[in-house]
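Q:
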Amino acid sequence: MQPVVLTTERLVLEVPTLDDVDRIVEYCRDPLFERWLTTPWPYEWHHATGWVKGLVPGWHEDRELTWALRTESGGELLGVVGVTLGTPDRPAGMIGFWLGGPHRGFGYMPEAARAAIDWVFAQGLLDEILWEAVVPNRASLIVARKLGFTYTGTRQADIVGRDGDRPSSWHAVLGRDDDRGVKAGWPE
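Mapping to numbering that gives the first Met the number 0: the sequence shown position 4 is 3, numbers consecutive.
(1) Write down the C-beta distance between Leu125 and Leu146 rounded to the nearest angstrom, noting that I regard them as a contact closer than 8 Å.
(2) Please give the ranges of any beta strand (DSSP E) in the stretch 61-142, keeping only runs that are unbroken, at least 3 residues long and fully inside the region.
(3) Taking 8 Å as the cut-off, decide whether the C-beta atoms of Asp29 and Gly100 are in contact.
(4) Quick check on Leu173: does DSSP put it in helix, strand or coil?
(5) Given a cut-off of 8 Å on the beta-carbon distance, is the pair Phe96 and Gly78 in contact?
(6) Count the other CB atoms, across all protein chains shown, that sit within 10 Å of the CB of Trp44; report buried if there are 16 or more and exposed otherwise.
(7) So, with DSSP's three-state summary, where would you put Thr48?
(8) Less than 8 Å between the C-beta atoms of Trp185 and Ala132, yes or no?
(9) Output the distance between the C-alpha atoms of Gln122 and Val24, rounded to the nearest integer angstrom.
(10) Do you know offhand how far Arg86's Cα is from Glu8's?
(11) Looking at chain B, is there any beta carbon in it that lies within less than 8 Å of the beta carbon of Gly180?
(12) For the structure I just gave you, are there three or more beta carbon pairs, one from the stretch 32-52 and one from the stretch 107-117, closer than 8 Å?
(13) Bridge partners for Leu5 per DSSP, in chain order?
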């Protein structure tokens, strides 16, 4: 499929470009990324370039749909949200997201992730989306809870860390027809 542009009240979601590489490198060097994400560490320019060059093929091959968050088309990169599509072995998709440090705390990620999820479900691409975050990544947990995900427990991560381990992670699921309200049962 071809990449699509989504808009929300405050954001434009479009495919990241090579013009975003310097900002991606800056944001991905945040020590929180080393702690919570599987991005290479230390994060270098060639990591960002390779990642960006793989995004459009991810769309074309129906593997992963990735959007840059901006306040206007072609504007400064605020962060990224992506949804990997299911496979025959694992039909559920998975959502992932990050924000650059200066843009945290403004409610951008729930707004952007909601738009991505709504679009994926409306296109019939998935019946459910999984979420996971390394314990205790509370910022990611707060976003998933706001999006209406149902907490399913703490267990070993499905996503392998950069050092090959599978740390203890929180897990949740959101079905296409699920109520999008905040659910009880999340860790405090």
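Virtual Cβ for every residue (Gly too), placed ideally from N, Cα, C.
A: Per the coordinate set shown:
(1) Taking the sequence shown and counting its residues from 1, the one referred to as residue 125 is at position 126. Taking the sequence shown and counting its residues from 1, the one referred to as residue 146 is at position 147. In fact, because the Cβ distance is near 14 Å, the residues do not count as touching under 8 Å.
(2) With a minimum length of 3 residues, the continuous beta strand (DSSP E) runs that stay inside the stretch 61-142 are 63-69, 78-83, 92-98 and 127-133.
(3) Here the question's residue 29 lines up with position 30 in the sequence shown. Here the question's residue 100 lines up with position 101 in the sequence shown. Closer than 8 Å, so yes.
(4) Position 174 of the sequence shown holds residue 173. Looking at Leu173 - three-state DSSP - the assignment turns out to be strand.
(5) Taking the first residue of the sequence shown as position 1, residue 96 is located at position 97. Taking the first residue of the sequence shown as position 1, residue 78 is located at position 79. Yes, the pair counts as a contact, with Cβ atoms nearer than the cut-off.
(6) As a position in the sequence shown, residue 44 is number 45, starting the count at 1. In the assembly as shown, Trp44 is an exposed residue. Its beta-carbon has fewer than 16 other beta-carbons within 10 Å.
(7) Counted from its first residue, the sequence shown places residue 48 at position 49. Three-state DSSP puts Thr48 in a helix.
(8) Within the sequence shown, numbered from 1, the residue matching residue 185 stands at position 186. Within the sequence shown, numbered from 1, the residue matching residue 132 stands at position 133. Not closer than 8 Å, so no.
(9) Reading the sequence shown from its first residue, position 123 is the one you call residue 122. Reading the sequence shown from its first residue, position 25 is the one you call residue 24. Their Cα atoms are separated by approximately 32 Å.
(10) Taking the first residue of the sequence shown as 1, we reach residue 86 at position 87. Taking the first residue of the sequence shown as 1, we reach residue 8 at position 9. Here the sequence assigns Thr to residue 86, which means Arg is not the residue at that position. Cα-Cα distance, rounded: 32 Å.
(11) The chain inventory of the structure shown lacks chain B, comprising one protein chain alone.
(12) Taking a cut-off of 8 Å on C-beta distances, the stretch 32-52 does not touch the stretch 107-117, as fewer than three cross pairs fall below it.
(13) As a position in the sequence shown, residue 5 is number 6, starting the count at 1. Note: Leu5 sits in a beta bridge opposite Leu12.
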